[in-house]
Amino acid sequence: MTQSSPSQLPDTSARRRAMAAFAEATTDELLAALDPIEAAHGATDLRRPEAGLVMLRGRIGGDGNAFNLGEASVARASVCLATGEVGHAYVLGRDVGKARLAAIADALWQASATREHIEATIVQPVESRLSAARSDKAARVAATKVDFFTLVRGEDA
Amino acid sequence: MYVAVKGGEKAIDNAHRLLGSERRGARDVPEITIAQITEQLKLGVARVMAEGSLYDPEIAALAIKQARGDLIEAIFLTRAYRTTLPRFGYSLPLETNDMAIERRISATYKDLPGGQILGATFDYTHRLIDFDLAGENAPAAPHENRQGLEPAPHVTGLLDDEGLIEQNAAPSDTPPRDLTREPISYPAGRDLRLQNLARGDEGFLLSLAYSSQRGYGSSHPFVGEIRIGEVEVAFFAEELGFAITLGRVQLTECEMVNQFKGSSKEPPQFTRGYGLVFGQSERKAMSMALVDRALRAEELGQDVVAPAQDQEFVLSHSDNVQATGFVEHLKLPHYVDFQAELGLVRQMRREYAATHSDVTLKEAAE
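Top to bottom, those sequences are chains C and D. Numbering-wise (this note's numbering), the first sequence opens with residue 1 and increments by one. Numbering-wise (this note's numbering), the second sequence opens with residue 158 and increments by one.
Here it is as structure tokens:
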């Protein structure tokens, strides 16, 4: 088994949130944030970036037992920093270069020296971009909501 | 005598070269880009992803381009591509209740939490050709309602208090069967049937669904709900020891409710049929839900009397890659088989003539 983190295991929910942002980040967003960090350039591959498949499961009736719906392409990578932090990434799509950058971001996020920087330059900007896109879309969709009204009869007119 | 036939390599090479050229079409017309296909032919891309059984818009778009717009050929290419990739594992079940709604309608309840959200639909259009689209087209910006959307729980939960709508069995820990790993054996469980239908041919399922509505297998369906939108994909990574989000996929879900007069096994109630499909694919999701319900006949104590209720008939003919392979293989050289059959038919005709003296058959000139 791979030992994913050193003794000070970070809070899982915070790391999950960060990893979700890395998965949603574009290659440009990741590059822009990681390039200035020296430690990012010294990362070595624990597992060569590769493309593969994850079988997506649905639920029968939306809330029942699982069934296999169909696969999605997924890229994954695992890296190790010179300082020992290990980063992993699984992202939808076949962009193995992006998966490697996301794994580096995950490793840097675990290092106390660089976590702040990663939060400020990737996690927060990506989350606000997504949240703005979500509310823009919701606003456009909400405009198509049906308002039912009862036809007014003659005597009330 | 058996004569080995070889040849045609040059003709085949040249045919493929010609195909490449014809695919490109007139050179003074700009070449179509993958981004144009994923953005502007989105529903075609969705169909290729669903029936190709691979969520990957770029691969689906590339396959559509390579197949010159022949979607079944594109589905074939997509299926072939997926066999080249290793499988990392299975996702956690997608939670459609948490979908970011792009469209959500119910034909059974007018006023429901979250409301009737039409989204980008062809419904209520007049189906008149829009000649404005023939030229450059700058559509008006969509209207916005900044109040946004309210939570939209599944409609089928609404009547549960009275037991009028059949309940799904509570989720169990038994992993579902996977038809990509083992052949289907009959009778097949609902998990396998849904997997088969999810990748099944839209046209085939549409016709079966239609037949069930027209009386081949009684069904009195209502659209409980159709919802389209994005759902997060969560995956349990062994090396991490926890589940992570891989991104989002767009899905179409349809829940049909069918009036059911009861049987020896079940009281009168509304039973359910379920459809879930990659991308925006409403017709497919509805057809899948109708066929899913029809295939539940035996489980609900109904007689299996119609094609749509017959598991083996439906599940073994739904796959258009298998179907097209078997139908289209007929055009490949069958010279030797046909020579053998010619000999056989000549023999039968000789025997026939010998016993029917009143009939004179022309002898083959050879």
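Think of the CB as a built atom: it goes at the ideal place given N, C-alpha and C, for glycine as much as any other residue. In this text, all values refer to a predicted model and were calculated from it rather than measured experimentally.
C-alpha gap between residue i and residue j, whole angstroms
i	j	result
D:A207	D:I169	31 Å
D:Q466	D:Q437	26 Å
D:K199	D:Y509	59 Å
D:M133	D:M413	Because residue 133 of chain D is not part of the residues shown, which for chain D are 158 to 523, the question remains open.
C:E71	C:A138	27 Å
D:V448	D:D358	12 Å
D:G276	C:A23	27 Å
C:A132	C:A21	14 Å
D:E166	D:V471	39 Å
D:T240	C:G93	16 Å
C:A39	D:G346	52 Å
D:G314	D:G419	20 Å
D:L251	C:G62	9 Å
D:G201	D:Q193	12 Å
C:S135	C:A143	12 Å
C:Q110	D:G482	51 Å
D:Y373	D:L365	9 Å
D:E523	D:R174	At D:E523, the pLDDT of 45 sits below 50, so the modelled position is not reliable; the number obtained from the coordinates is stated separately. So the alpha carbons of these two residues sit roughly 38 Å apart.
D:P187	C:L56	37 Å
C:D95	C:A102	11 Å
D:R244	D:S342	23 Å
C:D45	D:L290	50 Å
C:M1	D:Y212	Legend: pLDDT at C:M1 = 38, less than 50; position of this residue unreliable, value from coordinates given subsequently. The straight-line gap from Cα to Cα measures roughly 30 Å.
D:L489	D:A298	52 Å
D:E307	D:I385	15 Å
Contact with chain C by residue i, beta-carbon distance below 7 Å
i	result
D:T402	yes
D:F435	yes
D:I341	no
D:I232	no
D:I169	no
D:D335	yes
D:Q273	yes
D:T409	no
D:Q352	yes
Neighbourhood of residue i by C-beta distance below 6 Å, restricted to the same chain and skipping five residues each side
i	result
D:Q479	none
D:R180	R225
C:A33	T121, I122
C:L81	A39, A43, A107
C:I60	F67
Cut-off 7 Å between Cβ atoms - residues of its own chain near residue i, not counting five sequence neighbours on either side
i	result
D:E230	A224
D:L403	V390, F392
D:F427	L321, I322, E323, V414, N415, Q416, F417
C:A99	P49, A75, R76, A77, A89, V91
D:R204	L228, E359, S438
D:D348	P333, R334
Neighbourhood of residue i by C-beta distance below 8 Å, restricted to the same chain and skipping five residues each side
i	result
D:E387	M256, A257, E259, R405, V406, Q407, L408
D:E423	E323, F417, L457, G458
D:P310	N254, P270, G271
C:I37	L108, T114, H117
D:P328	P250
Residue-chain proximity (residue i, chain D), Cβ-Cβ < 7 Å
i	result
C:D106	no
C:T12	yes
C:T44	no
C:I60	yes
C:A28	A small fix is needed here, since residue 28 of chain C is Asp in this sequence, not Ala. So, not an interface residue.
C:L151	no
C:A143	yes
C:R16	yes
C:R48	no
C:V123	no
C:F67	yes
C:A23	yes
C:V133	Correcting the residue type first, residue 133 of chain C is Ala in the shown sequence and not Val. No, its Cβ sits nowhere closer than 7 Å to a Cβ of chain D.
C:A199	One cannot answer for residue 199 of chain C here, as it falls past the ends of chain C, which runs 1 to 157.
C:V126	no
C:M19	yes
C:L130	no
C:R57	yes
Could you give the uninterrupted runs of the alpha helix (DSSP H) lying entirely in the region 19-104 of chain C, keeping only those of 4 residues or more? Listed in chain order, the alpha helix (DSSP H) elements of length 4 or more contained wholly in the region 19-104 of chain C are 27-34, 38-41.
In chain order, what residues of the region 69-100 of chain C put their CB closer than 9 Å to some CB of chain D? Contact annotation: in the region 69-100 of chain C, residues whose CB is within less than 9 Å of a CB in chain D are L69, G70, E71, A72, S73, V74, R76, S78, V86, H88, A89, Y90, V91, L92, G93, R94.
Quick one: which unbroken alpha helix (DSSP H) runs of 4-plus residues sit fully inside the region 317-385 of chain D? Chain order, please. Runs of alpha helix (DSSP H) with 4 or more residues, each lying fully within the region 317-385 of chain D, are found at 347-355, 359-370, listed in chain order.
Residue ranges of each alpha helix (DSSP H) run of no fewer than 4 residues wholly in the region 183-209 of chain D, ordered along the chain? DSSP runs (the alpha helix (DSSP H)) wholly in the region 183-209 of chain D: 191-197, 199-209.
Near-chain C residues of the region 372-396 of chain D - C-beta to any C-beta below 7 Å: Going along the region 372-396 of chain D in chain order, one finds V390, F392, A394, E396 with a Cβ nearer than 7 Å to chain C.
What are the complete beta strand (DSSP E) segments, minimum 3 residues, inside the region 213-259 of chain D? Correct list: 244-250.
Note down, in chain order, all residues in the region 29-40 of chain C with a beta-carbon under 8 Å from any beta-carbon belonging to chain D. The region 29-40 of chain C vs chain D, Cβ under 8 Å: nothing.
Let me know the beta strand (DSSP E) ranges lying completely inside the region 408-490 of chain D, each 3 residues or longer, listed in chain order. For the region 408-490 of chain D, whole beta strand (DSSP E) runs of length 3 or above, ordered along the chain, are 426-435.
Along the region 217-232 of chain D, what residues have a CB closer than 8 Å to any CB found in chain C? Within the region 217-232 of chain D, no residue has a Cβ lying closer than 8 Å to any Cβ of chain C.
Given a limit of 7 Å on CB to CB distance, which residues of the region 276-310 of chain D reach chain C? From the region 276-310 of chain D, only G276, P299, H300, E301, N302, R303, Q304, G305, L306 have a Cβ closer than 7 Å to chain C.
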